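A short write-up of the structure that comes next.
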Amino acid sequence: MQTTSDRFARQQDLVPRDKLQDLRASVIGVGAIGRQVALQLAAIGLTRLQLIDFDQVAATNITTQGYSAGDVGSPKVNATVRALREIESQLDVELIVDRYRSRYTVGEAVFVCVDSISAREAIWRSAGKNCRFWADGRMLGEVLRILIAADEHGRQHYPTTLFAQHEAQSGACTSRSTIYAASIAAGLMVHQFTRWLRDLPTDPDTSLNLLSSELSC
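In my numbering, the protein residues as written are 35 to 251.
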């Protein structure tokens, strides 16, 4: 029988647990990508997490976001924390059933998983300067884009991606989505997070088209 101390044995050379102990991360939006990000962060050993989302679980979220039938009608943050407790019962989680607002204090790492450019821009203006690691996950169908601002280059590049909403590709982010695409996007975001924890360079802009098997950084 495995003991608790063995849980992290297979990732110990990839994820520095000592740097996770006092770090607080914020996941803004726990829909398709954000829910998967939160689950992965808990799995790798993050101990302090903030979840922000105003929405409730709908029936379509079972297929595309991984919620259970019993979660339908519950606030997404409440349903997500129930799943997180199954991974780590001692996780310190702050739940905010609301849209992100400038009065909320975010963690050192911020994962933005919202579905509009205008919302991303407002969050960046308010919270971007207050965090050390910033990850933005975007998805439309099987096309993914991961943006990271964790150094000067990334911080200069990120605002250039916040184009006017009317210039965005037709359809809100995640309006066409699958659980597998969301899981891949979340994995790419968490991977960049662990690179940052290890003081490795991060990629400021990664695009992946699953249908055409095209990856660009």
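Glycine included, C-beta positions come from ideal geometry on N, C-alpha and C. Predicted model only: the values in this text are computed from it and were never measured.
Can you tell me which of the three DSSP states residue i falls into?
{"i": "residue 93", "result": "coil"}
{"i": "residue 160", "result": "helix"}
{"i": "residue 56", "result": "coil"}
{"i": "residue 66", "result": "helix"}
{"i": "residue 139", "result": "coil"}
{"i": "residue 82", "result": "strand"}
{"i": "residue 189", "result": "helix"}
{"i": "residue 250", "result": "strand"}
{"i": "residue 239", "result": "strand"}
{"i": "residue 71", "result": "helix"}
{"i": "residue 183", "result": "strand"}
{"i": "residue 111", "result": "helix"}
{"i": "residue 116", "result": "helix"}
Could you tell me which of the options sits nearest to residue i, measuring between CA atoms?
{"i": "residue 124", "options": "132, 115, 130, 244", "result": "115"}
{"i": "residue 90", "options": "78, 71, 66", "result": "66"}
{"i": "residue 251", "options": "240, 244, 245", "result": "240"}
{"i": "residue 217", "options": "99, 150, 143", "result": "99"}
{"i": "residue 76", "options": "41, 103, 214, 163", "result": "41"}
{"i": "residue 51", "options": "232, 154, 219, 246", "result": "232"}
{"i": "residue 157", "options": "177, 136, 230, 83", "result": "136"}
{"i": "residue 242", "options": "178, 160, 129", "result": "178"}
{"i": "residue 192", "options": "230, 83, 163, 134", "result": "163"}
Just checking my contact of residue i with residue j at CB under 8 Å: how many whole Å lie between their CB atoms?
{"i": "residue 111", "j": "residue 131", "result": "6 Å"}
{"i": "residue 85", "j": "residue 127", "result": "6 Å"}
{"i": "residue 74", "j": "residue 175", "result": "With 8 Å as the limit, residue 74 and residue 175 do not qualify as a contact, their Cβ atoms being about 22 Å apart."}
{"i": "residue 47", "j": "residue 64", "result": "Rounded, the Cβ-Cβ distance is 30 Å, inconsistent with contact."}
Measure the CB-CB distance between residue i and residue j and report whether it falls below 9 Å.
{"i": "residue 170", "j": "residue 146", "result": "yes"}
{"i": "residue 49", "j": "residue 236", "result": "no"}
{"i": "residue 182", "j": "residue 167", "result": "yes"}
{"i": "residue 71", "j": "residue 223", "result": "yes"}
{"i": "residue 17", "j": "residue 54", "result": "Nothing can be reported for residue 17, as the shown portion of the chain is limited to 35 through 251."}
{"i": "residue 161", "j": "residue 133", "result": "no"}
{"i": "residue 230", "j": "residue 103", "result": "no"}
Any heavy atom of the ligand SAM closer than 8 Å to the beta-carbon of residue i?
{"i": "residue 62", "result": "For the ligand SAM, the structure offers nothing, since it holds no ligand at all."}
| message | Counting beta carbon pairs with one atom in the stretch 53–64 and one in the stretch 210–226, are three or more of them shorter than 8 Å? | response | no
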